[in-house]
Amino acid sequence: MPKMTVDPNYCKGCGLCIVACPKKIIRFSEDINSKGYHYAECFDQDSCIACKMCYTTCPDVAIKIEK
Ligand code: SF4
Ligand code: SF4
């Protein structure tokens, strides 16, 4: 099963990954990180197809994709 995870402390809440995801399974968290940003999170890991669009779009290398 693919798994997408975001390291909250590298995320600056730009939202580019949310726009890039073809499955629309990324949202902003309710919590904030150490810099005060609502970070991105995947809310439906089962629907992730490991396309890596989020990973390649993230300017801060905050996303990890495991297959
Ligand atoms: S790997 Fe693809 S499907 Fe999975 S969260 Fe990232 S953009 Fe969405
Ligand atoms: S693209 Fe990267 S920095 Fe921007 S919201 Fe997504 S995980 Fe955070």
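One gets the numbering used here by counting positions in the sequence shown from 1 and adding 3 to each.
Positions of the beta carbon are idealized from the N, C-alpha and C atoms, including for glycine.
Enclosing alpha helix (DSSP H) for A23 [first to last residue]: A23 -> alpha helix (DSSP H) spans 19–23.
Rounded C-beta distance between K70 and P5? I'm assuming under 8 Å. Right, the Cβ-Cβ distance comes to about 5 Å (below 8 Å), so this counts as a contact.
Counted within 10 angstroms of its Cβ, other Cβ atoms place P62 as buried (16 or more) or exposed: Around the beta carbon of P62, fewer than 16 other beta carbons sit within 10 angstroms, so the residue counts as exposed.
Exposure label - V9; buried when at least 16 CB within 10 Å: Classification for V9: buried.
Rounded to the nearest angstrom, how far is the Cβ of C17 from that of I29, given a contact under 8 Å? Their Cβ separation, rounded to whole angstroms, is 12 Å, which puts C17 and I29 out of contact at 8 Å.
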